[in-house]
DNA sequence: AGCTATCTTGAATAAACATTCAAAATAAAG
DNA sequence: CTTTATTTTGAATGTTTATTCAAGATAGCT
């Protein structure tokens, strides 16, 4: 017997970064070998193939992001200031211009969900989970009395997610920091109205 | 002397469709040969290389979409019903699931703007043109008195574009027609408030 | 220490890739 | 009809690609 040597999470995070920098299709196995430090054979042994590595990276990405999301809202007192902090962090990522601070899920939705049913299924489910988390936040905000109940929490959550997807795309075409920040503020305002 | 045989616009529209179906990086020269009916040599003679063909397709795509945009608003009386018709058409595209009804500019922003400065410049400029057109619509709506002047037309235009980008991404992860339609309605509501 | 199952290694493979080019074809000009 | 400039053609190029595999290394068990 013999146990695997590499740190699975570290490998997946390295692969995530590689995929975010070049996109799935432009990231070659050689890029992934360099990024992860794993030889081709090890990658195929552990993840079946390139798409398997992407799917595993997507799962890890979702775990990491979910953790981060929970942490942001936990650090704040009140749903509204949590929302504010969350959008501030997204604006910071948009403005940074750092590819590794972009959203791997969103990139994958745009690049491969259309042509790969397996990836589509994973990404769809992750999107639903995100919605569910945000719905809970808006329910909490209602209970706190900081927003009135004109819209359903679920709808607010969906509008917020649409806004975040849009913000990330917009910021790549229009890199003006103050515009991005002001659009994020407007988004919070609209979603909490 | 000898003039070119192929119809440039038809070739570019064929290339557009090919790029929309597979994305830029996954679309091979063989795909483009099949789609356009042009032999490799002719493509390289007319467009320099694969990226040149993409950039030319992007220009044509923008021309076609601008025309369509003008037509939609021209067919309606009043800025508001124009906006309604415009979003209806986008919702229809999102719901169709037809790759050739997706947005080539948005796909390109997500797939290559990050890694190619030339594409980034073209896409950025096209986004600004789109904003400018929508700003005029919101100014018209103000003059018609159908919306009050609490927000600047430019901000409304930007929020609308963010919403449309978001809607297109969201609809690929969550293909529920009624949700997309209701998110679009909410978007109009928020942007016109 | 020795055995064995499993992982690591990295060269080898075959397919697919973007691009080039010289020959053949053809439209316009004389 | 002949010439000439330009386009079309499609096979050839050399690179890069994802993937495989047999040999070597090593961890855990007895």
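Protein chains in written order, with the UniProt record's numbering: chain A, 1 to 193; chain B, 1 to 193. Idealized CB from N, CA, C, for every residue including glycine.
- Taking 8 Å as the threshold, the shortest C-beta distance from residue 76 of chain B to chain A does not fall below it.
- Of all residues in the segment 22-36 of chain B, only 22, 23, 24, 25 and 26 come within less than 9 Å of chain A when Cβ atoms are compared, listed by chain position.
- Going by DSSP, residue 29 of chain A is part of the alpha helix (DSSP H) stretching over 29-36.
- If only uninterrupted beta strand (DSSP E) runs of at least 3 residues are considered, none is enclosed by the UniProt domain "HTH tetR-type" (5-65) of chain B.
- About 4 Å separates the beta carbons of residue 173 of chain B and residue 127 of chain A, which is inside the 8 Å limit, making them a contact pair.
- DSSP, read as helix, strand or coil, puts residue 141 of chain B in helix.
- In this structure residue 100 of chain B is in contact with residue 20 of chain B, their Cβ atoms being roughly 5 Å apart against a cut-off of 8 Å.
- Counting the other Cβ atoms within 10 Å of the Cβ of residue 94 of chain A gives 16 or more, which makes it buried.
- Listed by position along chain B, the residues whose Cβ is nearer than 7 Å to that of residue 124 of chain A are 173 and 174.
- With its beta carbon less than 8 Å from one in chain A, residue 170 of chain B belongs to the interface.
- Assigned with DSSP and collapsed to three states, residue 100 of chain A falls in helix.
- Here residue 118 of chain A is exposed, its C-beta having fewer than 16 other C-beta atoms within 10 Å.
- Taking a contact as a CB-CB distance under 8 Å, the pair residue 167 of chain A and residue 179 of chain A does not count as one, their CB atoms being some 10 Å apart.
- The segment 40-59 of chain A makes no contact with the segment 48-57 of chain B: fewer than 3 CB pairs, one atom from each, lie closer than 8 Å.
- Close partners of residue 183 of chain A in chain B (Cβ separation under 9 Å): 155, 158, 159 and 162.
- One finds 110 and 169 in chain A with Cβ atoms closer than 8 Å to the Cβ of residue 106 of chain B, taken in chain order.
- Cβ neighbours of residue 97 of chain B within its own chain (closer than 8 Å, five residues either side excluded): 175.
- Excluding sequence positions up to five before and after residue 111 of chain B, its CB lies within less than 6 Å of the CB of 23 and 24, all in the same chain and listed in chain order.
- DSSP, reduced to helix, strand and coil, places residue 149 of chain A outside both helices and strands of the structure shown, so it counts as coil.
- Any Cβ of chain A closer than 8 Å to the Cβ of residue 99 of chain B would place that residue at the interface, and such an atom is present.
- Contact check for residue 162 of chain B against residue 170 of chain A passes: the beta carbons are separated by less than 8 Å.
- Going by C-alpha positions, residue 64 of chain A is about 15 Å away from residue 106 of chain A.
- For residue 190 of chain A, the uninterrupted alpha helix (DSSP H) run begins and ends at 177-192, by DSSP.
- Among the CB atoms of chain A, one or more fall inside 8 Å of the CB of residue 113 of chain B.
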